[in-house]
Structures are given as structure tokens and as C-alpha cells.
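Numbering (full-length UniProt numbering), first residue to last: 1 to 174. Below: one structure, written as C-alpha cells.
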């Protein structure tokens with residue numbers, strides 16, 4: 001798997017450059033930098049904190065389920081990051097502008113995307129009325145990772161697939 005990821009670097013650089021060019025517009029850059037920062041966890045932690053006061057025991061159950069799922073997601077994410085060693089696009093091609101600091105050294109998979117997708121799926125299984133909020137936010141978190149020069153599209157796709165898989169497993173076990 002590792003050699004495949006490294007071979008993909010060259011193939012994905014044109015897409016990375018295309019999306020990264022968007023960030024040269026100051027308003028777009030600020031928007032995606034803010035989304036990315038909120039996707040560091042702030043958005044999700046605030047949601048988890050407001051669920052119990054809004055929905056009582058069911059809100060607490062949802063928040064704890066999100067927290068437990070995110071712990072598993074974090075473990076899988078760290079295991080993959082430390083074993084694949086895929087360099088980030090801005091390290092691979094000097095034309096890619098890194099707009100925000102990376103939280104770690106390697107790019108595969110996108111942890112922001114994994115978390116956003118898994119949080120969204122778990123939350124929506126309890127409270128589908130949050131779809132209007134979390135679906136667009138999750139989409140923009142995933143897109144921000146490529147626009148900001150931090151991830152290749154395949155990192156984000158892997159994040160979507162892994163986040164979905166882990167959330168479904170989590171829901172199946174409850």
C-alpha cells in the first residue's frame with residue numbers, strides 16, 4: 001500500500017494545484033482556514049457539550065457514542081499515519097502553498113475528514129435534524145484539506161471511507 005500512495009503523489013499533484021489555487025483568494029483562504037480550525041475538534045466538542053442539555057439522556061448517549069467512536073478513529077488514524085509515511089503535498093511540490101500548519105508530519109489519511117465523517121454519521125443516527133448543519137460542514141472540512149495544501153484527494157477519500165466504516169461498525173455494536 002505504501003508504494004501505491006507514493007506513486008499517486010505525482011498523479012494527484014495537478015488536482016492539488018487546482019484546488020490550492022483557490023486559496024490564493026483571501027476570502028476563500030480565510031473561509032477554509034476557519035473551517036479547518038473548527039474541524040480540529042472545536043465544532044464537534046461544542047456539539048457534544050450542547051447535546052445533553054438539549055436532549056437529556058439521549059443527548060448524553062449520543063455525545064458519549066461520538067466520543068468513543070472518535071477515540072477509535074484517532075487510534076486507526078495514528079496507526080495509518082505512522083506506517084504509511086506519505087509526505088504532504090506542500091512538501092512534494094513547492095508550488096503548493098501551505099495555508100495553515102499541519103498537525104502532524106504525514107498526509108495519509110486525512111484525520112480531519114475521518115473524524116468529521118464519523119462524528120456526522122453517529123450524530124445523525126441519533127438526531128437526523130442536524131443534517132442541515134453537519135453535512136455541509138463535513139463537506140467543507142474535507143475540501144479544506146486539499147484547498148489548504150495539506151492533503152491529496154486520495155487522503156480525503158480514504159478519510160471518508162474509513163470514517164464511514166468506523167462509524168457504521170460503532171453503530172452496529174450499540
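Glycine is no exception: its CB is placed at the ideal position from the N, C-alpha and C atoms.
When the Cα atoms are used, what is the spatial distance from residue i to residue j?
{"i": "residue 16", "j": "residue 111", "result": "18 Å"}
{"i": "residue 1", "j": "residue 107", "result": "At residue 1, the pLDDT of 48 sits below 50, so the modelled position is not reliable; the number obtained from the coordinates is stated separately. The alpha-carbon atoms of residue 1 and residue 107 are separated by roughly 14 Å."}
{"i": "residue 105", "j": "residue 140", "result": "22 Å"}
{"i": "residue 6", "j": "residue 144", "result": "22 Å"}
{"i": "residue 88", "j": "residue 14", "result": "14 Å"}
{"i": "residue 156", "j": "residue 52", "result": "31 Å"}
{"i": "residue 36", "j": "residue 57", "result": "30 Å"}
Going by the DSSP bridge assignment, what does residue i pair with across the sheet?
{"i": "residue 87", "result": "106"}
Would you decide whether residue i is buried or exposed? Buried here means 16 or more other CB atoms lie within 10 Å of its CB.
{"i": "residue 18", "result": "exposed"}
{"i": "residue 116", "result": "buried"}
{"i": "residue 159", "result": "buried"}
Report, in whole angstroms, the separation of the C-beta atoms of residue i and residue j, which I expect to be a contact under 8 Å.
{"i": "residue 170", "j": "residue 72", "result": "7 Å"}
{"i": "residue 148", "j": "residue 83", "result": "That belief does not hold up - the Cβ atoms of residue 148 and residue 83 are roughly 24 Å apart, past 8 Å."}
{"i": "residue 123", "j": "residue 74", "result": "With 8 Å as the limit, residue 123 and residue 74 do not qualify as a contact, their Cβ atoms being about 17 Å apart."}
Task: Segments assigned alpha helix (DSSP H), at least 4 residues, entirely inside the segment 10-91 - done: Within the segment 10-91, the alpha helix (DSSP H) runs of at least 4 residues that lie entirely inside it are, in chain order, 26-37 and 43-84.
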